[in-house]
Structures are given as structure tokens and as C-alpha cells.
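> Questions regarding the structure given below will be posed in turn.
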Amino acid sequence: MDTLTTSLDDAAPESWTDFARGEHVTLQHPAGMRLCGVLDMRTDDASVLWIQLHDGGGRRLVHRADGYHLSRG
24 MDTLTTSLDD
34 AAPESWTDFA
44 RGEHVTLQHP
54 AGMRLCGVLD
64 MRTDDASVLW
74 IQLHDGGGRR
84 LVHRADGYHL
94 SRG
């Protein structure tokens with residue numbers, strides 16, 4: 024098994040459907056990467072999010088299987 028492959032349950036235990044456009048969110052990866060910004064858009068099944076990063080970091084696409092934990096704030 025590839026070390027980058029994770030199950031959806033391990034990647035994000037909470038439901039990403041609970042988050043709405045315009046919310047301030049933080050995505051934390053187990054490897055230490057942290058993304059903070061505003062939820063710009065998500066797919067209907069909430070498997071993909073687009074985050075407008077703070078501090079002029081641009082817009083970032085994150086898939087649920089990427090391993091990030093999503094939280095508010």
C-alpha cells in the first residue's frame with residue numbers, strides 16, 4: 024500500500040457536508056501542513072472543497088482523501 028493512500032474515514036472523520044460557503048475553516052494535515060481560509064465552494068457530495076486561503080495565498084482545491092482534518096475557524 025502506498026504511504027500516501029488513506030481511507031476516507033482516516034482522511035476526514037467528520038462530514039464535510041456540515042460546512043457552508045463563506046465559513047472560515049482550517050485544514051490540518053497529519054504531516055503538519057495547515058491551510059487557513061474561507062470555504063469558497065464544494066461539490067454536492069462534499070468530497071472536494073475549494074478554499075480561498077488567507078494572506079493572499081490564492082485558492083486551493085482539497086479532496087477528502089488528501090488526509091486533511093477540516094475544522095471551523
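Just so we're aligned: 70 in my numbering is position 47 of the sequence shown, and the numbers increase by one with no gaps anywhere. C-beta atoms are modelled at their ideal positions from N, C-alpha and C, and glycine is treated no differently.
(1) Considering only the beta carbon of each residue, do C59 and T66 sit closer than 8 Å?
(2) Using a Cβ-Cβ cutoff of less than 6 Å, which residues in the same chain neighbour Q51 once the five nearest sequence positions on both sides are dropped?
(3) Which complete beta strand (DSSP E) runs does the stretch 35-68 hold, if anything under 3 residues is left out?
(4) Alpha carbon to alpha carbon, how far is I74 from F42?
(5) Run through the DSSP bridge pairs and tell me what R82 is partnered with.
(6) Excluding the 5 residues preceding and the 5 following S38 in the sequence, name in chain order all residues of the same chain whose CB lies nearer than 6 Å to its CB.
Result, derived from the coordinates:
(1) Within the sequence shown, numbered from 1, the residue matching residue 59 stands at position 36. Within the sequence shown, numbered from 1, the residue matching residue 66 stands at position 43. No, they are not a contact pair.
(2) The residue you call residue 51 lines up with position 28 of the sequence shown. Answer for Q51: R57 and H92, listed in chain order.
(3) 47-51 and 57-65
(4) Working through the sequence shown from its first residue, we reach residue 74 at position 51. Working through the sequence shown from its first residue, we reach residue 42 at position 19. Cα to Cα, the separation comes out at about 12 Å.
(5) For the purposes of this step, residue 82 is taken as residue 59 along the sequence shown, with counting starting at 1. Paired residue(s): Q75.
(6) Translated into the one-based positions of the sequence shown, residue 38 becomes position 15. Contacts found: none.
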